[in-house]
Amino acid sequence: MNTIKKELTETLKTCLNADPEEIAGLLEVPPDPQMGDYALPCFAFAKQMKKAPAGIATELAGCISPPSGITKMRAAGPYLNFHVNRPELFSEILCGIHEKGSAWHRTEKGKGETVVIDYSSPNIAKHLGVHHLRSAIIGRSIYRIFEAAGYRCIGINHLGDWGTSFGKLIAAFQRYGGLSAEKASVSDMQNYYVRFSNEAMKKPELEDLARDAFRKLENGDPDATALWKQFKKVSMAEFERIYGILGIEFDEYMPESFYLVMAESLLKRLKKAGIATESEEAVIATLEDENLPPLMLKKKDGATLYATRDLCAAEYRWTNYRFRHCLYVVGGEQKLHFLQLTAVLKKMGYKWADRIEHIDFGLLKFIDSETGRANKGSTRTGDTILLEDVLKNGIEKARRKIEENAEKLSEQTNAEELAAQIGTGAVIFSDLAVKRTKDVIFDWDRMLDFQGDTGPYVQYAHARLSSILRKAQMPVSTDADCSILQMPEEWRLVRMLEIFPLRINQASEKREPSIIANYLLELCKLFSTYYSLGMREPDKRVLCEDKNTLAARLLLVNGIKTVIASGLQLLGMDAPQRM
RNA sequence: GCGCCCGUAGCUCAGGCGGAUAGAGCGGCGGUUUCCUAAACCGCAGGUCGCAGGUUCGAGUCCUGCCGGGCGUACCA
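In the working numbering, the protein residues as written are 250 to 828.
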């Protein structure tokens, strides 16, 4: 919080029966700057004081002697409006950003606390499709938002490398032969899996083969294990290549298979505690008292399920990290699974069970070209759209645009790198700009759009800001006289910068990257408008004649640029210097 | 059937904890480039905030019911 707001809060406290934090939370920004710069709505006090809000506002105006940062105070209906000493606020914010740089927005809210974030977590032996994008992108952004809030973050890729489907795949390789596992690509694995599944629909006995193969795998059979290791190796190489394009990283890869050794002891404990029981030859945890369907923990063929491994993983994470939050960035269709998971953990007596949180997101849907309806899963043809293809298309489109603009860019620009930054930026932003829980209909044009409310729009603003600082014949300095900044657009901009930390706070509380994305759009829009004023009126340019004005505007430009770069970092996007 | 998510302009979406006049982008129409990057800017057109009740000084926002769409609902993850 800035000094002026803090002083104002303290002053208000002298006349109000409320604690400073509450008052600060109440303070808002009036819709029109003419009304004032801060407003105290008095509705909240009406009940406790048994007076009309408008009366309270007037009364307060008489009671308070405003601090030095406030130049004017006026009751306007139920609001008490304040005008601040603008140069003072300009200076505090812009100098703060210049001095602290990319650390300006960081807080210590989560100091000493750990948050575990499980994201991406794809299954091996399958290509990454576009539908795998959301978990990775949202998870990484939430990671960075919590990091900015001062938490220690642990990003985990809970790799799906275990489960009955690998029994099918092993059986397929053994049945069809002809292709050695060493040479098999991820596509081959997918094809084998599909072929086997299709055949099994006609010949149910193949299911037994698959079950046998999986049992062998669970028992450590060397042949099955060798195949499985190969699947994993090839898959990992592909995953890492694509994570590389997106710049996605993890602190740990913790595959499901890792937890296998813990499963038996878990089941034993659950049975002993009466939480798990045998039913129809399987082991389940009934959750009737929680109003939930039972959770299956062991199939009648003896195989464990992902719920079993998830329970082990949760215990493991707790013993290792003592997390404040353990976030699972997983699609909303798995809501029930996580409700059951936390219900079982609660039954086990774990107080930390309510720290487990399912960060759900909407489904990626595809338009069926025949019916015109949006459906889950792949396109009608059965081919999933590969994440890598989406990224490559975005990068290619950016490359073409860069070539068109070649004369604008210097030789120092690495076109290949820039195309990657913009192409992936467009894809990432299009995913993060919308609230998590909304379903998304896949659309090439929208995902790869570079105009309007898009990632490249934000990056472009950053490039323009960078360009100004490059061309200025003087360094940014906190000695600038901010009282020269008189344009309403400049004021709006600094007010927008002021709320960046608040938005991060909101974004972390709601686990919602779209709050950052939309904030950046608002900020960039204000900047673009401001910038364009200089087209016809040279004295409105940042790089103007008057040296004092130039100095003050450079400080402002520096602030905007720094905040945009920080915001992009929170979303996992690059901030190009030129484009 | 039950549970969860979504419903705001033709399309895609924003709308701090209920508060001052519901905002963007795309698409449509009309403008802006001897000028700090036109991946930009400005203007016009476009709204029964799914429907109906309720809570109150005040509801897009909270509560209840309904409608529409999606997802899930014991041997997949």
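All C-beta atoms, glycine included, are put in the ideal place defined by N, C-alpha and C.
For A420, which three-state DSSP category applies?
For the purposes of this step, residue 420 is identified with residue 171 of the first sequence, where counting begins at 1. Looking at A420 - three-state DSSP - the assignment turns out to be helix.
To which residues of the same chain is K684 closer than 8 Å at the C-beta, ignoring the five residues directly before and after it?
To locate residue 684, count along the first sequence from 1; it is residue 435. Closer than 8 Å at Cβ, skipping near neighbours: E761, S763.
Report buried or exposed for R629, applying the criterion of at least 16 other Cβ atoms within 10 angstroms of its Cβ.
Here residue 629 refers to the residue found at position 380 when the first sequence is read from its first residue. Bear in mind that the predicted position of R629 carries a pLDDT of just 46, short of 50, making it unreliable; the figure below should be weighed with that in mind. Exposed is the call here.
What would DSSP say about C793, mapped onto helix, strand or coil?
As a working note, residue 793 is residue 544 in the first sequence. In this structure, C793 counts as coil in the three-state DSSP scheme.
Are at least three pairs of beta-carbons, each pair with one atom in the region 591-607 and one in the region 563-579, less than 8 Å apart?
yes
Looking only at its chain, what residues have a beta carbon closer than 7 Å to the beta carbon of M284, apart from the 5 residues adjacent to it on each side?
The residue labelled residue 284 in the question sits at position 35 within the first sequence. Excluding sequence neighbours, M284 sits near A325, N330.
Close-in-space but distant-in-sequence residues of the same chain around K625 (CB under 7 Å, 5 per side omitted):
Residue 625 sits at position 376 when you count from the first residue of the first sequence. The answer, listed in chain order, is L612, K614.
Leaving out five residues on either side along the sequence, give the residues of the same chain with a beta carbon under 8 Å from the beta carbon of L804.
The residue labelled residue 804 in the question sits at position 555 within the first sequence. So the list reads L343, C344, H347, V725, S726, T727, A729, C731, once near-sequence residues are dropped.
Cα-Cα separation between E833 and L289, rounded to whole angstroms
Beyond the ends of the chain as shown, which are 250 and 828, falls residue 833; an answer cannot be given.
Collapsed DSSP secondary structure at E527 in the structure displayed
One-based indexing of the first sequence puts residue 527 at position 278. Strand, per DSSP.
Over the uninterrupted alpha helix (DSSP H) stretch that includes D367, give me the two end residues.
Counting from 1 along the first sequence, the entry for residue 367 is found at position 118. No alpha helix (DSSP H) contains D367, which is instead part of the beta strand (DSSP E) from 363-367.
Which residues does DSSP list as the beta-bridge partners of K547?
Indexing the first sequence from 1 puts residue 547 at position 298. The partner list for K547 (beta bridge, DSSP) reads V532, T553.
Where does T628 fall in DSSP's three states?
The count along the first sequence starts at 1 and reaches residue 628 at position 379. Any reading at T628 needs caution, since the residue's pLDDT is 49, under 50, leaving its predicted position unreliable; the model's value is listed next. Of the three classes helix, strand and coil, the one that applies to T628 here is coil, per DSSP.
Put E829 into one of helix, strand or coil per three-state DSSP.
With the chain represented from 250 up to 828, any question about residue 829 goes unanswered, as that position is not in the structure.
Would you say F445 and K481 are within 8 Å of each other, going by their C-beta atoms?
Indexing the first sequence from 1 puts residue 445 at position 196. Indexing the first sequence from 1 puts residue 481 at position 232. Contact: no.
Would L554 and L546 be called neighbours here (beta carbons separated by less than 8 Å)?
Locating residue 554 in the first sequence gives position 305, where the first residue counts as 1. Locating residue 546 in the first sequence gives position 297, where the first residue counts as 1. The answer is yes: Cβ separation under 8 Å.
Please tell me whether L275 and I313 are closer than 8 Å, where the distance is taken between their beta carbons.
For this step, residue 275 is matched to residue 26 along the first sequence. For this step, residue 313 is matched to residue 64 along the first sequence. Not closer than 8 Å, so no.
What does a CB cutoff of less than 6 Å around V707 pick up in its chain, not counting 5 residues either side in sequence?
Position 458 of the first sequence, counting from 1, holds the residue named residue 707. Here the set comprises L769, C773.
Closest residue to D617 among A824, R648, I717, T633 (Cα-Cα distance)
As a working mapping, residue 617 is identified with position 368 in the first sequence. Comparing Cα positions, the closest option is T633.
Pair every Cβ in the region 395-407 with every Cβ in the region 492-510, then say whether three or more of these pairs are closer than 8 Å.
yes
Identify which residue in I748, P371, A721, Y508 has its Cα closest to the Cα of M485.
By one-based count along the first sequence, residue 485 stands at place 236. For the residues I748, P371, A721, Y508, the minimum Cα distance to M485 belongs to P371.
Going along the chain, which residues of its own chain have a beta-carbon closer than 6 Å to the beta-carbon of H332, five neighbours each way excluded?
Taking the first sequence and counting its residues from 1, the one referred to as residue 332 is at position 83. Excluding positions up to five away in sequence, the list reads G285, D286, T320, K321.
So within the region 431-505, which uninterrupted alpha helix (DSSP H) runs reach at least 4 residues, ignoring any that extend past its ends?
435-451, 454-467, 471-495
Can you name the start and end residues of the alpha helix (DSSP H) that C312 belongs to?
Translated into the one-based positions of the first sequence, residue 312 becomes position 63. Counting along the chain, the alpha helix (DSSP H) containing C312 begins and ends at 302-312.
Check the DSSP bridge columns for L541 and list the partner residues they point to.
The count along the first sequence starts at 1 and reaches residue 541 at position 292. L541 is bridged to L536.
Taking A397 as the reference, which of Y425, A433, K358, H380 has the closest Cα?
Here residue 397 is taken as the residue at index 148 of the first sequence, counted from 1. Of the candidates Y425, A433, K358, H380, the one whose C-alpha sits nearest the C-alpha of A397 is K358.
So, with DSSP's three-state summary, where would you put V806?
The sequence position of residue 806 within the first sequence is 557, counting from 1. Note: V806 maps to helix in three-state DSSP.
If you count every other CB in all the chains shown that lies within 10 Å of the CB of Q722, and 16 or more means buried, which is it?
Working through the first sequence from its first residue, we reach residue 722 at position 473. Label assigned to Q722: exposed.
Rounded C-alpha distance that separates A525 from I605:
Here residue 525 is taken as the residue at index 276 of the first sequence, counted from 1. Here residue 605 is taken as the residue at index 356 of the first sequence, counted from 1. In a straight line, the C-alpha of A525 is about 21 Å away from that of I605.
Run the CB neighbour count on F292, radius 10 Å, all protein chains shown included, and call it buried at 16 or more, exposed below.
Here residue 292 is taken as the residue at index 43 of the first sequence, counted from 1. Result: exposed.
Per DSSP, Y565 forms a beta bridge with which residues?
On the first sequence, position 316 is the one that residue 565 refers to. None; Y565 has no bridge partner.
Quick check on C402: does DSSP put it in helix, strand or coil?
Taking the first residue of the first sequence as position 1, residue 402 is located at position 153. If DSSP states are grouped into helix, strand and coil, C402 belongs with the strands.
Go to L635, then tell me how far its beta strand (DSSP E) extends in each direction, as first and last residue.
Numbered from 1 along the first sequence, position 386 holds the residue referred to as residue 635. Note, L635: premise wrong, no beta strand (DSSP E); not H, not E.
Would you kindly work out how many angstroms separate the C-alpha atoms of Q589 and F572, rounded to a whole number?
In the first sequence, residue 589 corresponds to position 340, counting from 1. In the first sequence, residue 572 corresponds to position 323, counting from 1. Rounded to the nearest angstrom, the two C-alpha atoms are 20 Å apart.
Tell me which residues share the same chain as S340 and place their Cβ nearer than 6 Å to its Cβ, disregarding the 5 neighbours each side in the sequence.
Position 91 of the first sequence holds residue 340. Contacts found: C731.
Candidates T798, I394, R490: closest to V435 by CA position
Stepping through the first sequence from its first residue, residue 435 is reached at position 186. Nearest of T798, I394, R490 to V435, Cα basis: R490.
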